[in-house]
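Reminder that position 100 of the sequence shown reads as 195 in the numbering used here, one-by-one numbering, no gaps. For every residue, glycine included, the Cβ atom is placed at its ideal position computed from N, Cα and C.
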Amino acid sequence: MKVFISWSRDFSKSAAEVMKTWLSDMFTSAEIWMSAHDIKAGSPWATDLYVQLAAADFGILCLTRENLNAPWILYEAGCLVMSVQQGRVIPYLIDASPQEVQLPLSQLQAAAADRNGTRQLVEAINSANDFRMSNEQLHRQFEKWWPDLEVQLNSLRHNTPSQVDDPVLHQAKPQVILPSVVREMQVSEKPFSKQMLQHRFGPMNPGLVDSFPADWSECAAQFQRDGDTPALHARRIRLADEVLVSATRSVARELNIDPGKFCLVARGGYGSGRLSAGSDIDITFFHEPKDQRQAEQLHGRLMIRLNDAWSPVGAVLVSPLINTLNECEAHWVDPEPSNPLDLSLLSAFTASRFLYGRRSIHDTLRHVWRRCITNFSREKLKWIVSCIEGCFARKSLQQTKVRFDIKFDAGGLLEHSLCEFVTELLTTLEPDSSALPEDNRDAYWYLLWLREKVFRENRSHVLTEQAHQSIAMELQWNDVNFQAELYEQRTRVRERLIQLNLRLAEYAEHAC
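Laid out in C-alpha cells, this is it:
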C-alpha cells in the first residue's frame, strides 16, 4: 500500500520527515511517500505530486497551529479524499487540538500525536494494508517503535516557536481550496445551489458566481430521468469547458497576465469527451520555459479557483498539472521502464483537446506526441505491452466479476482508455493495417452509466456492497440482471484490450 504524508510549512515538514522514517520502520511492506524526499531532482514536481495523490491508499495530514488553514494542506486533503476510501485520510495533530481544527478539515476524524492517538493511526493504516499484521504483531511493533517517535516529536515541539497567538492563522477560510467532496461528506439528496453554498460555507468567491453554470442542474435532472446518453455527455463537456475558459480569463485579468502566452489543454478521459459525477478533469497548463514565473502564478490562482468552482457542478476534481513541452517530451521519448505510471502520462494525450490560449502550443504538442510514438523502438513497444499486461495483474482488475471495495472506474474505464491508446498507436504505426478489433462503444457507455450510478449511491467510485445491492434492486425492476450484465460488458472491454495488446506485441516482435 502507499501512504501519502501531507505537510505545509517548516514545523509540519519536520514532523512529516519524522513520520516518514517512523512509519517505514513500523510498516515494512508499505511505501511511505513524502514530497520533500520522494520527488526526484529535475522531475516535473506538479505531475509527480498529482500521480502520487491519485495512487495513494491512505493519507496523513501533519497539522500544526501554523498550517491549519494552509491552502496546500486543504488542497492535498481534497485530492486524497477523492482518491482513497472513506476513513483513510487522518489529520495528525502535532501541536493543535481538535477544537482548533475548523471546517472543512474538522469533518475528518483526527488523531492526536500522543500515544493513544498514534495507536489509532497505526491501527487504521494496518486495517487498510493488504499485508496487515495481527493485533499481537501490531502491538509489539508499536511498543517497540513508539518511544522513538515520542522523543522526536517532543523535541520538535520544544524547539519550534509557538504560533498560538497569531490570529491570522486561526481565521476561518473554508471556501479556499478543498474540492467539494470534503465539504459534502454528509450526503445530501438535494442539488447544490449558490444560496446553499453561501449559507453553509460563508460568502462565495465573487469570481465563482459568474462561472456557475445554471444548466448543470438541468443535466443532473436529465440524467435522473433518462439515464446517461452521448448527447448529455456532450452537454456536460461543453459546460465544463465554459467554466474552465471563464476562470482562466478571469484569473489572467486579476494578475494582469496575457493568457495568450499559455495554452490550456484537456487530456485523458475529459479530453476524449468523458465526464461523469466525481470524474477527474485532467487539464495541462502549457507554457514556454521563459514564462515559468508567470505560469506558476496563473496556474496557482487558477487551481484555487477551479477546485472551488466545482462544488456546485457535481463534485469534479481538477487535476493540477503544469508543464513545458520539454517536460512532457521527456516522459514520451524516454519513459522509465520501471515506472508503469509513465504509460498513463503517455496515453493521456491520445485525445487531448485545445481549450484556451495559444493554439500553436497545442499543435506543436500533438506533433511531438505523434512523432514520439511513431519512432518508438522495439524495446519501448515491448515496455508498453508489459505495462498493459501488468494492468491485468492489478488487484482491482484480476477478475471481471463484481468485487466490492474497489474503485469502479478502474474496473472497466481504465481498460477502455488503454484500448483507445493502443488503437491510436497501432493506427499510427500501421496506417495500412487490417481492421482492428471492434470498438464496443455500447460497453463503454454502459460502464460510464454504471459509474454514475455508483457515485450517486455513495458519493465515491468505490463499488461497495450497499451500492451494489441498491443498484441491483433498481435494475431488477426492469428485468436486468446487474451482475450478469456487468460481467458481460467488462469481459468485452477486456477481450478487446487483450486482442489489441497481442497485435502490438506482434508488431514489436517484427519491428526493426
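Test item: CB-CB of residue i and residue j under 9 Å
{"i": "R214", "j": "W240", "result": "no"}
{"i": "C157", "j": "A110", "result": "yes"}
{"i": "A207", "j": "L233", "result": "no"}
{"i": "G212", "j": "V176", "result": "no"}
{"i": "T445", "j": "E515", "result": "yes"}
{"i": "K97", "j": "A150", "result": "yes"}
{"i": "Y602", "j": "L513", "result": "no"}
{"i": "R252", "j": "D190", "result": "yes"}
{"i": "I468", "j": "E422", "result": "no"}
{"i": "A172", "j": "L200", "result": "yes"}
{"i": "N230", "j": "Q197", "result": "no"}
{"i": "L438", "j": "I378", "result": "no"}
{"i": "L599", "j": "V517", "result": "yes"}
As assigned by DSSP and simplified to three states, the class of residue i
{"i": "I378", "result": "strand"}
{"i": "V589", "result": "Residue 589 is actually Arg in this sequence, not Val. Helix at R589."}
{"i": "V609", "result": "Here the chain has residues from 96 to 607 only, and residue 609 is not among them."}
{"i": "F153", "result": "strand"}
{"i": "P298", "result": "In this prediction, P298 has a pLDDT of 33, which is less than 50 and means its spatial position is unreliable; what the coordinates show is noted afterwards. Three-state DSSP puts P298 in coil, outside helix and strand."}
{"i": "F357", "result": "coil"}
{"i": "L158", "result": "strand"}
{"i": "A165", "result": "coil"}
{"i": "T419", "result": "strand"}
{"i": "G452", "result": "strand"}
{"i": "I189", "result": "coil"}
{"i": "I352", "result": "coil"}
{"i": "W128", "result": "strand"}
{"i": "S229", "result": "coil"}
{"i": "S109", "result": "helix"}
{"i": "F237", "result": "helix"}
{"i": "R104", "result": "coil"}
{"i": "F471", "result": "coil"}
{"i": "A206", "result": "strand"}
{"i": "V246", "result": "helix"}
{"i": "F516", "result": "helix"}
{"i": "V340", "result": "helix"}
{"i": "V179", "result": "coil"}
{"i": "V217", "result": "helix"}
{"i": "V196", "result": "coil"}
CA nearest to the CA of residue i, picked from the options
{"i": "M121", "options": "R210, G173 and V217", "result": "V217"}
{"i": "I134", "options": "T123, L148 and A125", "result": "L148"}
{"i": "V360", "options": "I352, D353, T343 and G485", "result": "T343"}
{"i": "S130", "options": "I168, T159 and T123", "result": "I168"}
{"i": "D353", "options": "R160, H394 and E583", "result": "H394"}
{"i": "N596", "options": "R585, W478 and Q564", "result": "W478"}
{"i": "L327", "options": "E474, C174, L370 and I378", "result": "L370"}
{"i": "A329", "options": "G368, R473 and L441", "result": "G368"}
{"i": "P384", "options": "G364, G366, V184 and I456", "result": "I456"}
{"i": "Y170", "options": "R465, I593, N254 and L397", "result": "L397"}
{"i": "L592", "options": "H605, V480 and Q564", "result": "V480"}
{"i": "H382", "options": "R362, F357, F237 and G366", "result": "F357"}
{"i": "S472", "options": "H605, E161 and H132", "result": "H605"}
{"i": "Y365", "options": "R331, P186 and Q389", "result": "R331"}
{"i": "T159", "options": "V113, E195 and V179", "result": "E195"}
{"i": "E424", "options": "V463, Q387, D386 and A443", "result": "V463"}
{"i": "A347", "options": "Q389, A335 and G363", "result": "Q389"}
Buried or exposed (CB count within 10 angstroms, at least 16 for buried), residue i
{"i": "R333", "result": "exposed"}
{"i": "F226", "result": "exposed"}
{"i": "T522", "result": "exposed"}
{"i": "E349", "result": "exposed"}
{"i": "E510", "result": "buried"}
{"i": "S107", "result": "buried"}
{"i": "V246", "result": "exposed"}
{"i": "D209", "result": "exposed"}
{"i": "D243", "result": "exposed"}
{"i": "N87", "result": "Residue 87 lies beyond the residue range present for the chain, which begins at 96 and ends at 607; the question has no answer from this structure."}
{"i": "G355", "result": "exposed"}
{"i": "G485", "result": "exposed"}
{"i": "R587", "result": "buried"}
{"i": "P186", "result": "buried"}
{"i": "E161", "result": "buried"}
{"i": "Q584", "result": "buried"}
{"i": "R454", "result": "exposed"}
{"i": "R466", "result": "exposed"}
{"i": "D458", "result": "exposed"}
{"i": "R461", "result": "exposed"}
heavy atom of the ligand COA below 8 Å from residue i C-beta
{"i": "L370", "result": "The model on display carries no ligand, and the ligand COA is accordingly not part of it."}
Does the region 334 to 341 touch the region 444 to 460, meaning 3 or more C-beta pairs lie closer than 8 Å?
Because the criterion of three Cβ pairs below 8 Å is met, the region 444 to 460 and the region 334 to 341 touch.
Stretch-stretch touch, CB-based, cutoff 8 Å, three pairs: the region 191 to 207 with the region 96 to 105: Short answer: they don't touch.
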